[in-house]
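Quick note on numbering: the sequence shown equals residues 99 to 395 in the numbering used here. Backbone N, C-alpha and C fix where the C-beta goes; we use that ideal spot for every residue, glycine too. Single-structure report; data block below.
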Amino acid sequence: LAKIELKMAELAKAGSRITRRYLTKAEALTFFQKRSESYKVELINELPDNTVSIYEQDDFADLCRGPHLPSSAKIKAFKLLSVAGAYWRGNEKNKMLQRIYGISFTTKDALDAHLALLEEIKRRDHRKIGKDLDLFSVHEDVGGGLVLWHPKGAMIRKIIEDFWREEHQKNGYDFVYSPHVGRAHLWEQSGHLSFYRENMYSSMDVEGQEYYVKPMNCPFHMMIYKSQPRSYRELPLRIAEIATVYRYEKPGELSGMLRVRHITQDDAHIFCRESQVVDEFIGVFDYMSFLLKVFGL
């Protein structure tokens, strides 16, 4: 990265002009095919418009809507931060490329302040704290995005969950539990199989019927409400659950406990009359604000 930064500083000092021009789709395809830019050719082929915007700096050309700076001389302070693998177009079936992360500011003071902030964030990174305090771990033998809670972490979690239950009861919520799997028919009814299938795990056969582990709790909570006739006098009905759901996150998207495949979430649904919607919304907003304040967020 240091060598790349030196070259960037050289280009910035040279003050190269950055110019924009428009090509037809056919011209853009020919232009980038001659340069053996197969990825850009793929993107151009999928563009719905016949006009393509490109930017050029010296002998480099790229697809972009812009806008860009008029000259590299405008770039004053920058820093390359890290390198990571990234699948082309976010699809793990495609070739893995290298992505370089960097930042730029108008002044060195602003850059230094941001770098200091990043160092503080690293110091407070939950992955580092989790390891240092023996709170949780993630093992490849278990699987990516599947968290193991250690005794100390489990105790912290229990304290938080106990607090959650106490406060939810104060706010008029009833607790429910729902299964971890459901028939395919349920997920078809809810629309998950039509619109969310790529984030669900493969189905399993149970006695000749297709089942899926749940990516969300909503259909189960709807079934609880639907299980008996309801009177408008019962409303609002507030139900809540600390539930585990399972979502297929792509390998490159997994990150500690922030992006996982086995998620424990506090989930709630409110069934109310139309005349109660505003009051319920305000109540939820106030309750959320209280919880965020308690945790210093």
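Secondary structure of residue i, DSSP reduced to three states
| i | result |
| --- | --- |
| glycine 188 | helix |
| lysine 397 | Any question about residue 397 goes unanswered here, given that the chain covers just 99 to 395. |
| histidine 237 | coil |
| glutamate 154 | strand |
| phenylalanine 128 | This sequence places threonine at residue 128; phenylalanine is not what is there. Here threonine 128 sits in helix by DSSP. |
| isoleucine 258 | helix |
| isoleucine 227 | helix |
| serine 114 | coil |
| histidine 166 | coil |
| glycine 394 | coil |
| aspartate 232 | coil |
| tyrosine 385 | helix |
Alpha-carbon spacing of residue i relative to residue j, whole angstroms
| i | j | result |
| --- | --- | --- |
| leucine 109 | serine 170 | 7 Å |
| tyrosine 98 | lysine 123 | Because the chain here runs from 99 to 395, residue 98 falls outside it and cannot be looked at. |
| isoleucine 368 | proline 317 | 13 Å |
| valine 236 | glycine 354 | 8 Å |
| glutamate 144 | valine 311 | 35 Å |
| leucine 141 | glutamine 131 | 12 Å |
| tyrosine 199 | arginine 133 | 25 Å |
| glutamine 326 | arginine 371 | 17 Å |
| asparagine 192 | valine 382 | 43 Å |
Identity of the residues DSSP links to residue i by a beta bridge
| i | result |
| --- | --- |
| glutamate 308 | Asp303 |
| leucine 209 | DSSP lists no partner for leucine 209. |
| alanine 159 | Glu154 |
| leucine 244 | Looking at the DSSP assignment, leucine 244 forms no beta bridge with any residue, so it has no partner. |
Classification of residue i by the beta-carbon crowding that lies within 10 angstroms, buried from 16 upward
| i | result |
| --- | --- |
| leucine 233 | buried |
| serine 276 | buried |
| glycine 394 | exposed |
Quick one: complete alpha helix (DSSP H) runs, 4+ long, within the stretch 326 to 359?
none
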